[in-house]
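**Q**
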Amino acid sequence: MLTQLRVSSLRLIKSPFIKHISKKAYEGHIPLNFLEKSTVAVKAAFGALLDPTKQELVAALGETTSGPALKYMRDRMLQDREGRKILRERPIVSTSTIDLEYLSKLPKNTFGYNYWYFLDSNKIGPDGRTPVHYVDDEELAYVINRYRQVHDFFHTLFDLNISVQEEISVKWFEMVHFQLPMNTLSALFGPLRLTAHERTELLDKSVPWALTVGNQAKFLLSVPYEQLFEKDLNELREELNVIPHPK
244 MLTQLRVSSL
254 RLIKSPFIKH
264 ISKKAYEGHI
274 PLNFLEKSTV
284 AVKAAFGALL
294 DPTKQELVAA
304 LGETTSGPAL
314 KYMRDRMLQD
324 REGRKILRER
334 PIVSTSTIDL
344 EYLSKLPKNT
354 FGYNYWYFLD
364 SNKIGPDGRT
374 PVHYVDDEEL
384 AYVINRYRQV
394 HDFFHTLFDL
404 NISVQEEISV
414 KWFEMVHFQL
424 PMNTLSALFG
434 PLRLTAHERT
444 ELLDKSVPWA
454 LTVGNQAKFL
464 LSVPYEQLFE
474 KDLNELREEL
484 NVIPHPK
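Residue numbers for the sequence shown follow the working numbering, so the first one is 244 and each next one is one higher.
1. Among residues of its own chain, excluding the 5 on either side of threonine 427, which ones have a beta-carbon nearer than 6 Å to its beta-carbon?
2. Express the C-alpha separation of alanine 302 and lysine 366 in angstroms, rounding to a whole number.
3. Determine the DSSP secondary structure at threonine 438, reduced to helix, strand or coil.
4. Helix or strand or just coil, what does DSSP make of threonine 443?
5. Taking the C-alpha atoms as reference points, what is the distance between lysine 266 and alanine 287?
6. Is the beta carbon of glycine 355 sitting closer than 9 Å to the one on phenylalanine 472?
7. Excluding the 5 residues preceding and the 5 following glycine 305 in the sequence, name in chain order all residues of the same chain whose CB lies nearer than 6 Å to its CB.
8. Where in the region 382 to 452 do unbroken runs of the alpha helix (DSSP H), each at least 4 residues long, occur, reported from the N-terminal end onward?
9. Could you tell me the boundaries of the alpha helix (DSSP H) in which aspartate 379 lies?
10. Whose C-alpha, out of Val485, Ala460, Tyr315 and Gln392, is nearest the C-alpha of glutamine 422?
11. Classify threonine 338 as buried or exposed, calling it buried when 16 or more other Cβ atoms lie within 10 Å of its own Cβ.
12. Isoleucine 329 lies in the alpha helix (DSSP H); which residues open and close that run?
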């Protein structure tokens with residue numbers, strides 16, 4: 244499915260039918276017209292429902308269905324001084340920009356240490372996020388890229404791990420907070436992969452929490468996380484109007 248989606252996209256971009264929109268806006272951009280983008284979205288949605296772990300399909304679905312939501316996210320960032328600075332400077336979250344060894348030596352109450360611990364305990368890292376291909380506006384492409392790269396910061400703030408149930412809890416928050424269609428799909432169909440007990444917990448704990456925090460929190464794409472690693476985690480939560488997920 245992944246290979247077919249990529250090959251189909253490349254075949255479309257090489258077609259004479261879309262020469263008038265084939266100029267790339269950024270490295271890796273695959274410009275498609277509405278019909279072609281819709282085709283990619285349908286294929287990605289079908290594949291992502293069959294296997295939500297295939298991040299490239301989830302990413303393609305997000306990029307081809309999130310136009311209005313990305314504009315909303317960009318506009319929210321523009322309303323905030325730090326958000327405007329992030330859009331202007333475009334920081335990247337990766338092992339080339341973050342010293343994980345330094346974070347591991349910070350006091351255990353800090354945001355940076357807890358972020359490192361989350362990554363280390365789950366054997367994951369800040370690299371490897373799927374690159375953006377199908378967003379036509381270069382600034383909006385950065386917005387969705389930034390959203391992907393700060394996702395693990397959300398796990399740290401919310402005290403949520405990476406089990407299927409906990410990922411769905413994060414998606415519920417993101418659905419409310421960012422209004423991304425792909426998060427709605429994950430929030431509504433993801434619970435089908437849970438046990439009856441897990442679905443009950445999701446409805447009783449996660450959904451009310453996500454509705455509350457998603458609406459009350461400071462807009463989380465406007466936060467310069469990289470400058471806050473030495474800050475006490477609970478103090479940061481208070482500043483962002485965020486509360487951990489209930490146990």
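Ideal Cβ positions, reconstructed from N, Cα and C, are used throughout, including at glycine.
Keep in mind that this is a model prediction, so the values were computed, not measured.
**A** Looking at the atomic coordinates:
1. Close CB contacts of threonine 427 within its chain, under the 6 Å cut and outside five residues either way in sequence, are with Met418 (chain order).
2. Lysine 366 and alanine 302 have their alpha carbons spaced roughly 22 Å apart.
3. It is coil, neither helix nor strand.
4. Looking at threonine 443 - three-state DSSP - the assignment turns out to be helix.
5. Distance between the alpha carbons of lysine 266 and alanine 287 is about 23 Å.
6. A contact, by the Cβ cut-off of 9 Å.
7. So the list reads Met425, once near-sequence residues are dropped.
8. For the region 382 to 452, whole alpha helix (DSSP H) runs of length 4 or above, ordered along the chain, are 394 to 401, 407 to 421, 424 to 432 and 439 to 444.
9. Where aspartate 379 is concerned, there is no enclosing alpha helix (DSSP H), given that its DSSP letter is neither H nor E.
10. It is Tyr315 whose Cα lies nearest to the Cα of glutamine 422.
11. By the Cβ neighbour-count rule, threonine 338 is exposed, with fewer than 16 other Cβ atoms within 10 Å of its own.
12. That run of the alpha helix (DSSP H) goes 324 to 332.
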